[in-house]
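Residue numbers (the numbering used here): 3 to 312.
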Amino acid sequence: MTQLDLNTLSNQPVAYFPTGNPAAYAGLTMSFYFGAPGESEKRQSLVNCIQYYLQQAKGQLQLYAVAGDKRHRTLSPGENPNPELLAKMLDTDITLDFEAGGAHEGIAHPWSISSLARGVTYPNYLGFLLLSYPASMLEHIGVQGFAQQFVTMCNQLQVEHAYAGLGLIFPFDVGGRNAAQNIIGDNLMRYPGLDAHDLSGVMIHCRNGIKSINFLTAVSHRLLARAGGSDTVLANAGSRVLSCPYSSGTVFQAGHEPQIGAPNQPPEDYVALGRALKAARAPFEDSMFDDPAGQDDEAFTQRWLARFDG
């Protein structure tokens with residue numbers, strides 16, 4: 003992370019809406035995609051992960067909403083979301099839908115969380131959990147602590163694929179995320195080492211492949227088979243890519259710390275892993291982000307997803 007000031011990265015937005023409100027920050031992100039979101043044990047694990055994040059974010063959040071809310075609930079300073087509302091979402095017949103953020107609707111903030119897990123009647127959908135933190139959090143927990151939390155949650159959720167590292171952080175609410183999707187394209191290419199949460203919802207359908215890679219990338223055994231398995235991926239990626247097992251597959255680490263990259267210069271360690279996992283990438287052609295040139299959103303999305311192909 004040479005020449006990267008974590009405090010500056012945490013405090014300065016990288017994109018603004020026409021209103022002047024922040025549309026995106028650069029910070030730490032984790033995104034988890036998991037199968038069987040309606041199963042009882044998986045639902046309990048998801049609620050546990052959400053509660054863990056809420057303890058980390060205590061005092062940082064302003065608004066939140068659960069499934070069925072017509073408007074966001076306001077939090078007093080130092081207050082956390084009502085745990086009883088999360089407990090009600092252990093019912094596997096209903097959809098678990100939860101979001102919270104450190105700013106009002108339509109305004110990006112480094113602290114945010116979003117999760118969706120459909121009930122047992124939607125077995126073919128992936129559930130997701132998206133977490134974000136200020137970049138300066140890395141100074142407090144260290145790279146090892148960050149990686150340990152990621153692996154622990156991958157184990158708990160038995161993820162199909164998951165990603166953690168530096169990323170762009172958008173408004174936590176659906177309307178704000180959709181608005182950010184329209185203006186964020188330039189930043190996606192300016193900082194190739196930054197991941198971005200899927201703003202369109204496409205990834206809940208991606209059972210048959212990964213999105214891309216980040217500093218930490220978890221891939222299930224089932225999806226790794228498309229790239230020849232874990233040993234083949236490591237052999238092709240080279241010695242700077244590390245790995246450890248989790249309950250359903252392998253977590254890969256690209257280099258020794260998260261990297262941001264530069265225009266047309268993605269981090270070499272990320273390229274090494276991206277090239278090795280290319281065959282495991284999801285075969286979809288939908289749009290995740292708007293093309294800043296206003297020409298072809300699907301083609302722009304594919305260029306961004308392929309930025310580590312080498």
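Even for Gly, the Cβ is constructed at its ideal location relative to N, Cα and C.
Query raised in the report: Considering only the beta carbon of each residue, do leucine 63 and leucine 48 sit closer than 8 angstroms?
Result: no
**Report entry** Contact the segment 193-200 vs the segment 165-179: 3+ CB pairs below 8 angstroms
**Finding:** yes
Query raised in the report: Does the Cβ of histidine 223 have 16 or more other Cβ atoms within 10 Å, making it buried, or fewer, making it exposed?
Result: exposed
Requested in this report: Quick one: which unbroken alpha helix (DSSP H) runs of 4-plus residues sit fully inside the segment 161-212? Chain order, please.
Outcome: As far as the segment 161-212 is concerned, its whole alpha helix (DSSP H) runs of at least 4 residues are 176-183 and 187-192.
Query raised in the report: Nearest to leucine 98 by CA position, among Phe172, Gln160, Arg45 and Leu56, is which residue?
Result: Arg45
Report task. Using the Cα positions of aspartate 288 and glutamine 151, report the straight-line distance between them to the nearest angstrom. Result -> Distance from the CA atom of aspartate 288 to the CA atom of glutamine 151, rounded to whole angstroms, is 31 angstroms.
Requested in this report: For glutamine 304, collect the residues of the same chain with a Cβ closer than 8 angstroms to its Cβ; drop the 5 residues on either side in sequence, then sort them by chain order.
Outcome: Excluding the 5 residues flanking it on each side, glutamine 304 has same chain C-beta neighbours closer than 8 angstroms at Glu287, in chain order.
Query raised in the report: Excluding sequence positions up to five away, which residues of its chain have a Cβ less than 8 angstroms from the Cβ of glycine 80?
Result: By the criterion of a C-beta distance shorter than 8 angstroms, glycine 80 is surrounded in its chain by Lys60 and Gly61, once the five residues flanking it on both sides are discounted.
Query raised in the report: With a cut-off of 8 angstroms, do at least 3 Cβ pairs link the segment 171-180 to the segment 141-150?
Result: no
Requested in this report: Pick helix, strand or coil for threonine 97, following the three-state DSSP scheme.
Outcome: coil
Query raised in the report: To the nearest whole angstrom, what separates the beta carbons of glycine 108 and alanine 181, a pair I think is in contact under 8 angstroms?
Result: 7 angstroms
Query raised in the report: Smallest Cα separation from alanine 281: which of Ala295, Leu307, Ala256 and Gln53?
Result: Among Ala295, Leu307, Ala256 and Gln53, the Cα nearest to that of alanine 281 belongs to Leu307.
Query raised in the report: From what residue to what residue does the alpha helix (DSSP H) around glycine 257 run?
Result: No alpha helix (DSSP H) contains glycine 257, which DSSP labels as neither H nor E.
Query - Residue from Pro85, Gly70, Asp93 and Val68 with nearest C-alpha to serine 42 - result: Asp93
Query raised in the report: Which residues in the same chain have their Cβ closer than 7 angstroms to the Cβ of histidine 106, if we skip the five residues on either side of it in sequence?
Result: Here the set comprises Gln64 and Leu65.
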